[in-house]
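Heads up: the sequence shown is residues 37 to 493, going by the numbering used here.
From the three backbone atoms N, C-alpha and C, an ideal C-beta is built for every residue, glycine too.
Structure first, then comments.
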Amino acid sequence: MSNDDLTHENFDFRGFDVPDLKAVTLASSSDGEQSKQPKTKHEDASRNRRHGKKKSKSDARSKKRAGAGKTSESFDDYEDYEEREAVGKADKKASKDRPGLFAPMTLREVTVRNRIWLPPMCTYSSFARDGRPTPFHYQHYVSRAFGGFGMVIVESTAVAPEGRITPCDLGLWEDGQIDAWRWIVDGIREAGAVPAIQLNHAGRKASTGCFAVGYDGQSVPEEAGGWPTMAPSEIAFGGLRTPRALSVDEIHGLVGAFAAAAGRAVAAGFQAIQIHAAHGYLISQFLDPLSNERDDEYGGDLTGRSRFLVEVVDAVRGVVPEGVPVLVRISATDWAAGGWDLDQTIALSKVLKEHGVDVMDVSTGGIMSGVSIPVKPNYQVPFAEQVKSKADIPVTAVGLITKPKQAAKILAHGEADAVEIGRAALRDPYWPLRAANKLGIPSTKVPYAPQYVAGAY
């Protein structure tokens, strides 16, 4: 596996030890059972050999007849956009009643055309350092909307200038930034996708370098455009500068900053709002006992550490229209002893559902440097499945999902309600259209723009 495969979405794995992926086994689920993984053909064959089972000629002939006229990755039913994956009778996890990749999904008053979403991925390309998007961002997001993605979630957008991860992050901290977003939002909608935006404050991980600034992986000095950082407690992340602890009044102000940014996003035309509570940024820092040592109402037990996020959700929910979905991106575990884990994620997800959150975007990691993360295809999917089943809330799955059949199986197995294609989408803006072809779905049932129908697969 190349170094490129060790990064996903807007989470940076630099500074982490990546183990031998072949030796990795995901942690047990919260009820003590091992996370279930689909058996590979090799495993099935090995099991049959152990039990003395052999394929009969009649079985082979039946399989050949059943597979006639289909590709190895085809679906057996395309009616009403509910493609059913041809995984065979042996795959008992798959259900014919579950929606496929190209089934629409309705969240409040917003209908997303399919279950293939573009996750927020930082591009650090607001080169004027004013938080405003540029023609690059128009091309980047609108091309992926034309490429067939159902929801396009714009990258980490700061709710305050000091909340930027880097000086070149996008922002919605003032009204003057709204107009700069409208043409991008309109372009995404005109291409048939739902425009969403991720709102964030980086906390102690703010004011770091990037390709456009230098100081990669370091705190940017103030003379080079950096700034002092803030966090729940005076605990630094790795080798970054030590933040100062926020006062209660400042926390209240940041709740208002998230709400104000959400209102600006709606004014710009965004149809969904995602709150970033993952990857070790400010809200994640409040959630995790490894970074939150407060002894007031914003620290201590799970209720205290979750208070900031719940207040942000309530504030955002209070300013956006009732029909606008609110999503929360969460790290289901931080892969560190004594830190945030799956049990707390499930408990929090139940609370967030009661407070009006519509979807949990389940990722992992980010609060600590120097920890081992078992990176491999689908490595975060079991966490999404656990949140979905135990908190009874829709979820999206991420984590090295790169192949069409891989993505289709996640939905067929009921492990998530939508999949997010990150790094693969950077390589191929038209990933959904290519996936449909690989899965044998007719082009008439795929979201081709009229201008591109002549070039359909």
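- VAL434 is the residue among VAL434, ASP222 and THR202 whose C-alpha sits nearest the C-alpha of TYR415.
- In the structure shown, ALA448 falls within a helical segment according to DSSP collapsed to helix, strand and coil.
- Cβ atoms of VAL362 and ILE309 come within 8 Å of each other, at about 5 Å.
- Taking C-beta atoms under 8 Å as the contact rule, LEU318 and ALA372 fail to qualify, at a distance of about 18 Å.
- Taking the C-beta atoms as reference points, ILE366 is found no nearer than 8 Å to ALA297.
- Non-local beta-carbon contacts of GLN175 in its own chain, meaning distances under 7 Å to residues more than five positions away in sequence, are absent.
- By the 16-neighbour rule on beta-carbons within 10 angstroms, SER408 is exposed.
- Using a Cβ distance threshold of 8 Å, VAL364 and VAL346 do not count as a contacting pair.
- Along the length of the region 307-394, whole beta strand (DSSP E) runs at least 3 residues long occupy 308-313 and 362-367, reported in chain order.
- Annotated as distal: ALA267 and ARG200, with beta-carbon spacing of 8 Å or more.
- Judged by pairs of C-beta atoms under 8 Å, the region 477-491 does not touch the region 442-458, as fewer than three such pairs exist.
- If the five residues before and after PRO264 are omitted, its C-beta is found closer than 7 Å to the C-beta atoms of ARG280, all from its own chain and listed in chain order.
- Scanning its chain for C-beta atoms nearer than 7 Å, with the 5 sequence neighbours on each side dropped, one finds around ASP377 the residues THR369, in chain order.
- In this structure, DSSP gives ILE220 a helical state, which the three-state scheme calls helix.
- The C-alpha of ILE152 lies about 42 Å from the C-alpha of ASP331.
- Taking one beta carbon from each stretch, the region 210-224 and the region 139-153 have fewer than 3 pairs nearer than 8 Å; the two do not touch.
- Burial is judged here by how many other beta carbons sit within 10 angstroms of a residue's own beta carbon; PRO171 has fewer than 16 and is exposed.
- Per DSSP, the beta bridge partners of ASN236 are ALA194.
- Going by DSSP, ILE477 is part of no beta strand (DSSP E) at all; its letter is neither H nor E.
- Under the DSSP definition of a beta bridge, ALA164 lacks any partner.
- In the three-state reduction of the DSSP assignment, LEU436 falls in the coil class.
- By the Cβ rule, the region 267-277 does not count as touching the region 180-194, because fewer than three pairs are nearer than 8 Å.
- Bridge partners of THR142 according to DSSP: THR147.
- Here the C-alpha atom of LEU384 lies approximately 34 Å from the C-alpha atom of GLY183.
- Here GLY262 is buried, its C-beta having at least 16 other C-beta atoms within 10 Å.
- Here DSSP, grouped into helix, strand and coil, assigns SER255 to strand.
- Note on geometry: alpha-carbon atoms of ALA229 and VAL148 lie some 7 Å from one another.
- Under DSSP, the beta-bridge partners assigned to ARG280 are MET266.
- If you ignore the 5 residues before and after GLU451, its C-beta comes within less than 8 Å of the C-beta of VAL417, PRO418, ALA420, GLU421, LYS424 and ALA433, all in its own chain and listed in chain order.
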